[in-house]
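J.: Handing you this structure, nothing more for now.
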Amino acid sequence: MLTRVVSIINPLGLHARACARIVNISSRFRSNVSLVVKGRRASARNIVAVMLLTASVGTTVRLEVDGPDEAEAMREIAALFHDGLGERS
Amino acid sequence: MVSFALNGVGVSGGIAIGRAQLVSHATLEVSHYTIPASKVDAEILRFGVAVKEVQKELEGLHKAMTGGDVPGEFGAFLDVHWMILTDPILSEVPKKIILEQRCNAEWALTTQLGVLVEQFEQIEDPYLRERKSDIVQVGERVLKRLMGKPGALPAPVAEEQTILVAHDLSPADVIQFKSHHYGAFLTDVGGATSHTAIVARSLNVPAVVATHNARQLIRDSEMLIVDGDSGVVIINPDRAVLAEYRLKQTELELDRQKLKRLRTKPAETIDGHHVELHANIELPDDLEQTLENGATGVGLFRSEFLFLNREGLPTEDEQFEAYRAVAEGMKGLPVTIRTFDLGADKHKEGLDGLARVTPNPALGLRAVRFCLAEPRLFLTQLRAILRASHYGRIRILVPMLASSSEIEQTLAMIEQAKEGLREQGVPFNSQIEVGGMIEIPAAIIAMDAFVARLDFLSIGTNDLIQYTLAVDRADEAVAHLYNPLHPAIIRLLALAINTANKAKRSIAVCGEMAGEVHLTRLLLGLGLRNFSMHPAHLLTVKQRVLTSEVLATKAIVDRIRRADNPDKIASLVDRLNAL
Numbered sequence: 053m054l055t056r057v058v059s060i061i062n063p064l065g066l067h068a069r070a071c072a073r074i075v076n077i078s079s080r081f082r083s084n085v086s087l088v089v090k091g092r093r094a095s096a097r098n099i100v101a102v103m104l105l106t107a108s109v110g111t112t113v114r115l116e117v118d119g120p121d122e123a124e125a126m127r128e129i130a131a132l133f134h135d136g137l138g139e140r141s
Numbered sequence: 111m112v113s114f115a116l117n118g119v120g121v122s123g124g125i126a127i128g129r130a131q132l133v134s135h136a137t138l139e140v141s142h143y144t145i146p147a148s149k150v151d152a153e154i155l156r157f158g159v160a161v162k163e164v165q166k167e168l169e170g171l172h173k174a175m176t177g178g179d180v181p182g183e184f185g186a187f188l189d190v191h192w193m194i195l196t197d198p199i200l201s202e203v204p205k206k207i208i209l210e211q212r213c214n215a216e217w218a219l220t221t222q223l224g225v226l227v228e229q230f231e232q233i234e235d236p237y238l239r240e241r242k243s244d245i246v247q248v249g250e251r252v253l254k255r256l257m258g259k260p261g262a263l264p265a266p267v268a269e270e271q272t273i274l275v276a277h278d279l280s281p282a283d284v285i286q287f288k289s290h291h292y293g294a295f296l297t298d299v300g301g302a303t304s305h306t307a308i309v310a311r312s313l314n315v316p317a318v319v320a321t322h323n324a325r326q327l328i329r330d331s332e333m334l335i336v337d338g339d340s341g342v343v344i345i346n347p348d349r350a351v352l353a354e355y356r357l358k359q360t361e362l363e364l365d366r367q368k369l370k371r372l373r374t375k376p377a378e379t380i381d382g383h384h385v386e387l388h389a390n391i392e393l394p395d396d397l398e399q400t401l402e403n404g405a406t407g408v409g410l411f412r413s414e415f416l417f418l419n420r421e422g423l424p425t426e427d428e429q430f431e432a433y434r435a436v437a438e439g440m441k442g443l444p445v446t447i448r449t450f451d452l453g454a455d456k457h458k459e460g461l462d463g464l465a466r467v468t469p470n471p472a473l474g475l476r477a478v479r480f481c482l483a484e485p486r487l488f489l490t491q492l493r494a495i496l497r498a499s500h501y502g503r504i505r506i507l508v509p510m511l512a513s514s515s516e517i518e519q520t521l522a523m524i525e526q527a528k529e530g531l532r533e534q535g536v537p538f539n540s541q542i543e544v545g546g547m548i549e550i551p552a553a554i555i556a557m558d559a560f561v562a563r564l565d566f567l568s569i570g571t572n573d574l575i576q577y578t579l580a581v582d583r584a585d586e587a588v589a590h591l592y593n594p595l596h597p598a599i600i601r602l603l604a605l606a607i608n609t610a611n612k613a614k615r616s617i618a619v620c621g622e623m624a625g626e627v628h629l630t631r632l633l634l635g636l637g638l639r640n641f642s643m644h645p646a647h648l649l650t651v652k653q654r655v656l657t658s659e660v661l662a663t664k665a666i667v668d669r670i671r672r673a674d675n676p677d678k679i680a681s682l683v684d685r686l687n688a689l
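Heads up: the sequence lines are chains A and B, in that order.
By the count of my numbering, the first sequence reaches residue 141 at its end, each step adding exactly one.
By the count of my numbering, the second sequence reaches residue 689 at its end, each step adding exactly one.
Structural data, given as structure tokens:
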């Protein structure tokens with residue numbers, strides 16, 4: 053299992069569309085992806101759970117990726133966060 | 111037909127006149143009954159089928175959109191709804207409830223929706239909390255299927271404009287606006303960040319939300335006027351009111367067309383004085399509006415947003431990313447970042463200096479005073495700004511400077527931050543311009559210290575007026591004493607602008623006065639050539655600049671500078687605007 057800590061840099065935080073992007077990318081891989089925010093865990097496959105993490109800008113998120121393609125999955129998901137969840141102008 | 115008016119929140123501007131079309135939606139009456147053990151499997155199946163049907167409905171809408179000129183938001187909203195629908199928490203958990211409680215599918219789904227909504231209700235961030243409406247809208251779509259009322263919006267009736275009146279609208283509903291051309295939206299609930307608001311703005315259709323009970327009070331095909339700027343809805347207007355709004359509507363449309371054409375036109379007075387019109391922004395997201403309104407720079411980027419909705423302090427990297435995003439987004443135009451304007455009134459955890467009660471926060475440890483007292487925090491921000499300066503034309507603006515020693519200390523801190531970056535080999539603009547906010551009367555009276563040491567100046571008129579007149583605008587008992595046209599304010603402004611112009615230092619006004627179009631000529635006449643304001647005012651002010659002649663204002667402006675009372679000044683300002 054790989055873990056990595058990233059932070060939310062897009063100003064609106066984990067809002068609905070940002071969550072959709074996370075679910076979209078995570079579901080492309082066979083590995084299980086989890087997001088942990090302040091001790092609460094959500095599977096990146098379930099958009100409602102991710103929405104309920106309610107992470108605002110500046111929050112740190114621990115990514116946990118476990119499975120056959122974990123290295124690639126981690127790379128892509130971490131890149132998405134680094135990119136402001138696709139919202140950096 | 112009785113004429114009456116409703117007040118809501120205008121979330122998308124403009125005026126629409128048309129017939130009401132009521133859409134019954136939401137708050138569906140759901141009955142509760144027990145299912146015999148033998149029928150439980152069938153009930154679970156019925157639920158599964160409804161989910162599948164809604165899934166197909168959403169996919170169909172998505173397909174119908176591709177190729178069309180639909181704003182990008184629509185597709186994203188549909189994706190979100192599709193994902194919510196297929197999330198087991200909505201598509202599977204109700205099946206378990208049916209099995210365990212032997213209840214009907216509608217009741218099981220409503221129960222589960224209630225559980226989820228309650229979890230969303232506990233969220234503190236208002237923007238994220240409102241996302242519960244996405245869950246509810248998806249749930250209601252399934253409910254309507256279950257109850258045999260599959261729901262597309264009815265087509266608008268006649269060639270007259272149709273105004274949609276609903277409890278709430280889902281993104282999928284709003285998509286049908288594209289083909290149906292509704293004239294406006296009116297909803298009982300919602301806020302400035304609701305889907306209805308976002309999409310209405312992207313379609314440029316007036317919208318008023320949070321009318322509470324519009325759907326109960328308005329009847330089908332009643333005549334409505336929707337004023338999206340003031341949030342007023344007039345039902346069954348009489349002939350005179352109707353004529354007035356028709357005229358207003360035409361005027362607004364003409365104005366809008368005219369203003370839009372000014373976007374790329376350089377701001378220059380009739381007698382050839384070039385004027386810089388910059389934007390005040392709070393979030394990196396404000397850039398879009400800034401560029402749309404033709405700003406030639408960001409005159410004030412308030413950096414306090416980095417502290418919003420968070421615990422602890424923003425890191426250097428987070429700040430760097432945010433500043434860089436704006437610098438790059440402005441594509442070489444100047445971006446003026448104001449260092450933290452935090453104070454005792456804006457208490458933040460983790461900042462010991464603020465964890466005490468101060469009797470008079472406006473005169474206390476705030477802005478640069480606070481930053482100099484918390485050098486670690488200040489240095490982190492300065493490093494982040496300097497690093498970002500490598501990626502665009504960034505300038506540093508320091509708030510609330512009062513004396514030369516504060517300027518010296520601040521410049522020394524900036525030097526220290528530069529030194530650190532140099533040692534680490536991190537690139538930055540070593541020629542970065544450093545400016546000061548002029549918001550304390552002392553700064554103007556002894557401004558030679560400022561022009562000697564700083565590259566540029568920016569007058570924060572809101573605080574300048576508060577400090578000069580000793581009036582707290584937030585205190586209702588004295589708010590009426592707050593007056594930008596007090597002779598003392600005019601004379602301080604004149605002195606500041608003159609001193610800066612003589613010393614060849616650029617000087618801007620970034621307070622509210624800069625965005626008030628009836629003061630544009632006064633400020634031009636006082637010698638101001640750089641205005642920074644909320645992006646929404648930029649084009650209106652530009653229009654006034656283009657029709658002003660500085661030379662012609664001279665005689666009246668001289669009289670304004672000598673006038674000894676605000677009423678006299680106000681009437682002279684009126685005369686300036688009548689020129």
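The beta-carbon is built from N, C-alpha and C at its ideal position, and this holds for glycine as well.
This structure is a prediction, so every number in the text was calculated from the model and none was measured.
Within this structure, are the beta carbons of B/Val-655 and B/Thr-379 separated by less than 7 Å?
T.: Yes, Cβ-Cβ distance for B/Val-655 and B/Thr-379 is below 7 Å.
J.: Taking the C-alpha atoms as reference points, what is the distance between B/Pro-198 and B/Leu-219?
T.: Going from the Cα of B/Pro-198 to the Cα of B/Leu-219 covers about 12 Å.
J.: For B/Leu-496, which of B/Leu-511, B/Gly-530, B/Arg-486 has the nearest alpha-carbon?
T.: Residue B/Gly-530 is the option with its Cα nearest to B/Leu-496.
J.: Based on the DSSP output, what are the partners of B/Glu-378 in its beta bridges?
T.: Partner(s): B/His-384.
J.: Check whether the Cβ of B/Ile-233 lies closer than 7 Å to any Cβ atom in chain A.
T.: Cβ-Cβ to chain A under 7 Å: yes for B/Ile-233.
J.: In three-state DSSP terms, what is A/Cys-71?
T.: A/Cys-71 falls in the helix class under three-state DSSP.
J.: Take B/Leu-387 and list the residues in its own chain whose beta-carbon comes closer than 7 Å to its own, dropping the five residues that flank it on each side.
T.: Closer than 7 Å at the Cβ level, and outside the excluded window around B/Leu-387, lie Ala-377, Ala-405, Thr-406, Phe-641, Leu-648, Val-651, Lys-652.
J.: So, using beta-carbon positions, are B/Arg-212 and B/Thr-272 closer together than 7 Å?
T.: Contact flag unset, no.
J.: If you check the beta carbons only, do B/Gly-545 and B/Leu-574 fall under 7 Å apart?
T.: For B/Gly-545 and B/Leu-574, no; Cβs fall outside 7 Å.
J.: Counting Cβ pairs closer than 8 Å, one from the stretch 165–173 of chain B and one from the stretch 55–75 of chain A, do we hit at least three?
T.: Touching, no, given that fewer than three Cβ pairs across the two stretches are closer than 8 Å.
J.: Quick one, which of B/Pro-509, B/Lys-528, B/Leu-682 has its alpha-carbon nearest B/His-628's?
T.: Measuring from the Cα of B/His-628, the nearest candidate turns out to be B/Leu-682.
J.: Taking any Cβ of chain B, which residues in the stretch 98–112 of chain A have a Cβ under 8 Å from it, in chain order?
T.: If the cut-off is 8 Å between Cβ atoms, the stretch 98–112 of chain A has Asn-98, Ile-99, Val-100, Ala-101, Met-103, Leu-104, Thr-106, Ser-108, Val-109, Gly-110, Thr-111 near chain B.
J.: Could you say which of B/Lys-368, B/Ile-600, B/Ala-598, B/Gln-576 lies nearest to B/His-590 if we only look at CA atoms?
T.: The residue with the shortest Cα to Cα distance from B/His-590 is B/Gln-576.
J.: If you draw a straight line from the C-alpha of B/Ala-604 to the C-alpha of B/Leu-636, how long is it?
T.: Between B/Ala-604 and B/Leu-636, the C-alpha separation is close to 6 Å.
J.: Select from B/Ile-679, B/Glu-659, B/Ala-680 the residue whose C-alpha is nearest the C-alpha of B/Leu-689.
T.: Of the candidates B/Ile-679, B/Glu-659, B/Ala-680, the one whose C-alpha sits nearest the C-alpha of B/Leu-689 is B/Glu-659.
J.: Answer with yes or no whether the minimum CB distance from B/Gly-460 to chain A is below 7 Å.
T.: Because B/Gly-460 carries a pLDDT of 47, less than 50, the predicted location of this residue cannot be relied on, and the following value inherits that uncertainty. Judged by the 7 Å Cβ criterion, B/Gly-460 is not in contact with chain A.
J.: Find the residues of chain A that neighbour B/Pro-198, judging by a C-beta separation of less than 8 Å, and give them in chain order.
T.: The contacting residues are Asn-98.
J.: What in chain B is Cβ-close to A/Arg-69, meaning under 9 Å?
T.: Chain B residues near A/Arg-69: Glu-183, Ala-186, Phe-187, Asp-189, Val-190.
J.: Let's see if you can read the secondary structure: which residues bound the beta strand (DSSP E) around B/Gly-409?
T.: Taken as a continuous stretch (DSSP letters only), the beta strand (DSSP E) holding B/Gly-409 covers 408–412.
J.: Is the beta carbon of B/Ala-324 sitting closer than 7 Å to the one on B/Ala-317?
T.: No.
J.: By the 9 Å beta-carbon criterion, what residues does the stretch 494–527 of chain B contribute toward chain A?
T.: The stretch 494–527 of chain B vs chain A, Cβ under 9 Å: nothing.
J.: Which residues bound the alpha helix (DSSP H) around A/Ala-131?
T.: First-last of the alpha helix (DSSP H) with A/Ala-131: 122–134.
J.: Check the Cβ of A/Val-88 against every Cβ in chain B and list those closer than 7 Å, keeping chain order.
T.: None at all; the shortest Cβ gap to chain B is about 16 Å.
J.: The alpha helix (DSSP H) that contains B/Met-557, what's its start and end?
T.: No alpha helix (DSSP H) holds B/Met-557; DSSP gives it neither H nor E.
J.: Give the residues of chain A in contact with B/Asp-395, contact being defined as C-beta atoms less than 7 Å apart.
T.: What B/Asp-395 touches in chain A: Pro-63.
J.: At a Cβ threshold of 7 Å, is B/Pro-204 touching chain A?
T.: No, no contact with chain A.
J.: Going by beta carbon distance, what residues of the same chain come within less than 6 Å of B/Leu-223, once the five residues before and after it are set aside?
T.: So the list reads Gly-249, once near-sequence residues are dropped.
J.: Answer yes or no: does any C-beta atom of chain A fall closer than 7 Å to that of B/Ile-194?
T.: Chain A, which has a Cβ nearer than 7 Å to the Cβ of B/Ile-194, makes this yes.
J.: Can you give me the Cβ contacts of B/Ile-154 inside the same chain, cut-off strictly under 6 Å, excluding the 5 residues immediately before and after it?
T.: Counting only Cβ-Cβ distances below 6 Å, and skipping sequence neighbours, we find Lys-205, Ile-208.
J.: Just checking: is the beta-carbon of B/Arg-241 within a distance shorter than 7 Å of some beta-carbon in chain A?
T.: So, interface residue.
J.: Thinking C-beta only, is A/Ile-60 closer than 7 Å to A/Ala-96?
T.: No. Outside cutoff.
J.: Applying a beta-carbon distance threshold of less than 9 Å, which residues of chain A neighbour B/Ile-245?
T.: Within 9 Å Cβ-Cβ: Val-100, Met-103.
J.: For a test of the three-state rule: what should DSSP assign to A/Ser-6, helix, strand or coil?
T.: The requested residue 6 of chain A does not occur in the structure, where chain A is confined to residues 53 to 141.
J.: For B/Thr-306, which residues of its own chain have a beta-carbon under 8 Å away from its beta-carbon, when the five flanking residues on both sides are left out?
T.: Contacts found: Val-121, Asp-278, Leu-279, Val-284, Phe-295, Thr-297, Gly-300, Ala-317, Val-319.
J.: Just curious, the alpha helix (DSSP H) that A/Val-102 is in, first and last residue?
T.: Looking at the DSSP string, the run of the alpha helix (DSSP H) that includes A/Val-102 is 99–103.
J.: Taking B/Tyr-690 as the query, report the chain A residues whose CB atoms sit under 7 Å from its CB, ordered along the chain.
T.: Outside the shown range of chain B (111 to 689) lies residue 690 of chain B, about which nothing can therefore be said.
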